[in-house]
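Student: Take the position in the sequence shown, starting the count at 1, then add 2; the result is the number in the working numbering.
Beta carbons are placed, not taken as given, at the ideal position from N, Cα and C, and that holds for glycine.
A single structure is presented below for examination.
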Amino acid sequence: MQLTTNLTSDQVDKLVPGPATDLLVAKHLFRLAAYSPHAQPDVPGYIRKTGKRGFVALPRYSVDGVAGLEVLQLLLDKNIDVHIDSSGRTVRLTFLDRGKGGVDGVAAAWEGTLADLPLALCQAALKLPYL
């Protein structure tokens, strides 16, 4: 399956937490005109055009749990059903896709530890081509 990011599903699975993933999330999920400045390529951000103008560093979507919640909220706002099941130290997420004709299916699924949750949310959201 080819995604709007021009990455395959396997390439999205191989993303690692860090500035490059955060930049990808900002551009493709939040539709921000984000970039990595030449002076500090490890601190991607965007130019705020309203209010207090200037460069704003991006949240660390792939690392920070609070920023990961922004990705989760985006999924919920787009009517993606996210089922969270935690038993012991494992977290399971299932992203359901409301298909045409009333047929529902699993769009993405993930299982892992809580520390890996922000990256997993980013990867799952990037796999949903209509966001």
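When you compare only the Cα positions, how much space is there between Gly22 and Arg62?
Tutor: Per the sequence presented here, residue 22 reads as Ala, with Gly not at that position. Distance between the alpha carbons of Ala22 and Arg62: 10 angstroms.
Student: Taking 8 angstroms as the threshold (beta carbon to beta carbon), is Asp118 in contact with chain C?
Tutor: Any reference to chain C falls outside this structure, which holds one protein chain only.
Student: Which whole-angstrom value describes the C-beta separation of Val93 and Gly70, a residue pair presumed to lie in contact below a C-beta threshold of 8 angstroms?
Tutor: So it is not a contact: roughly 12 angstroms between Cβ atoms.
Student: Identify which residue in Leu128, Ala28, Leu78, Gly53 has its Cα closest to the Cα of Val45.
Tutor: Cα-wise, what sits closest to Val45 is Ala28.
Student: Within its chain, find whatever has a CB closer than 6 angstroms to the CB of Leu121; leave out the 5 residues flanking it on each side and keep chain order.
Tutor: Within the same chain, Leu121 has close Cβ partners Pro19, Ser64.
Student: Apart from the five residues on each side of it in sequence, which residues of its chain come closer than 8 angstroms, Cβ to Cβ, to Arg55?
Tutor: Excluding residues within five positions, the ones whose Cβ falls inside 8 angstroms are Ile49.
Student: For the stretch 27 to 97, list the alpha helix (DSSP H) runs that are entirely contained and at least 4 residues long, ordered along the chain.
Tutor: Qualifying alpha helix (DSSP H) stretches, in chain order: 67 to 79.
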